[in-house]
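Below: one structure, written as structure tokens.
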């Protein structure tokens, strides 16, 4: 929408991140209790029902699915699991502490996040920082947070198509170990490269630095015709502002 209005150089910095201090105790967890995990408030638009239907249709031998969270859809989701014949392979863990949630996530192979309307999602960056590939829909915040190096983003026109593509993604990551390992590495690298809070501070500072540099250049250009001396002064002052901004950011990061 901003580009349609003529705005150029749009930079999107998702307002979610992770601190490495939260991860060391769980990042080394050995083995997996679950093939798939979904985490969040159990609401209809979160798409947990799509994940359950896809899990049932995929019918992967020995696979288990964890649902972490509570909410008004809990009864319906448990009933759906019974109707689909997967009740014994799906664990509804309810509300748990953040530490317990991260431990369960660390002991799962991949995150299934079929949310139909989502602006962000801390669980996405937490999963990536733990090296867990993400299966999500190619809409909203998840489409920005997850890329092709860290997961599988699904484009679908309706519920049936979404379920079928979820099935395909689940099977693909389960069956293709090379692909799984590639996305696992990509998820870990992206999580630590782009979504650590220290890195996000640098990203914001870089945006302001570029904006100040552009403003300084435009100001100098406007003044240069009539007031050459003023243009040089404005340029020098702008440089001092940029230097101070960069130094402040470095001090905070340190």
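Residue numbers (my numbering): 440 to 693.
Yeah, the Cβ is synthetic: ideal placement off N, Cα and C, and Gly gets one too.
* Cβ-Cβ separation, residue 609 to residue 500 (assumed contact under 8 Å), whole Å -> Within the chain shown, residue 500 is the residue found at index 61, counting from 1. Within the chain shown, residue 609 is the residue found at index 170, counting from 1. Contact flag wrong, Cβ pair sits at about 13 Å.
* To do: Determine contact between the region 618-632 and the region 566-579, defined as no fewer than three beta-carbon pairs at a distance below 8 Å.
  => yes
* Beta carbon of residue 476 nearer than 9 Å to that of residue 514 -> For the purposes of this step, residue 476 is taken as the residue at position 37 of the chain shown. For the purposes of this step, residue 514 is taken as the residue at position 75 of the chain shown. Going by C-beta atoms, residue 476 is not nearer than 9 Å to residue 514.
* Are the Cβ atoms of residue 648 and residue 486 separated by less than 9 Å? -> Your numbering for residue 648 matches position 209 in the chain shown. Your numbering for residue 486 matches position 47 in the chain shown. For residue 648 and residue 486, no; Cβs fall outside 9 Å.
* To do: Below 6 Å CB to CB, which residues in the same chain sit around residue 691 once its five sequence neighbours on both sides are set aside?
  => Counting from one through the chain shown, the residue named residue 691 turns up at place 252. Reliability fails at residue 691, whose pLDDT of 47 lies under 50, so the model's placement of it is uncertain and the value that follows must be treated cautiously. Excluding sequence neighbours, residue 691 sits near nothing in its chain.
* To do: Please name the residue in 549, 632 and 445 whose C-alpha comes closest to that of residue 472.
  => In the chain shown, counting from the first residue as 1, residue 472 sits at position 33. Nearest of 549, 632 and 445 to residue 472, Cα basis: 549.
* To do: Indicate whether residue 594 and residue 586 have their beta-carbon atoms separated by less than 9 Å.
  => Sequence index remark: in the chain shown, residue 594 carries index 155 (1-based). Sequence index remark: in the chain shown, residue 586 carries index 147 (1-based). No, they are not a contact pair.
* What residue from 480, 558 and 568 has the CA that sits closest to residue 577's CA? -> Start at 1 with the first residue of the chain shown, and residue 577 comes out as number 138. Of the candidates 480, 558 and 568, the one whose C-alpha sits nearest the C-alpha of residue 577 is 558.
* To do: List in chain order: all unbroken alpha helix (DSSP H) runs of 4+ residues lying wholly within the region 532-579.
  => 537-545 and 561-568
* By Cβ distance, which residues of its chain are closer than 7 Å to residue 606, with the 5 residues on each side in sequence left out? -> Taking the first residue of the chain shown as position 1, residue 606 is located at position 167. Only 493, 496 and 497 meet the Cβ criterion.
* Asked: Roughly how many angstroms separate the alpha carbons of residue 546 and residue 511, rounded to a whole number?
  -> For the purposes of this step, residue 546 is taken as the residue at position 107 of the chain shown. For the purposes of this step, residue 511 is taken as the residue at position 72 of the chain shown. One C-alpha to the other measures close to 26 Å.
* Among residues of its own chain, excluding the 5 on either side of residue 525, which ones have a beta-carbon nearer than 8 Å to its beta-carbon? -> Against the chain shown, residue 525 aligns to sequence position 86. Closer than 8 Å at the Cβ level, and outside the excluded window around residue 525, lie 491, 494, 495 and 504.
* **Cβ neighbours of residue 619 in the same chain (closer than 6 Å, five flanking residues each side left out)** => The residue given as residue 619 occupies position 180 in the chain shown. The residues are 612.
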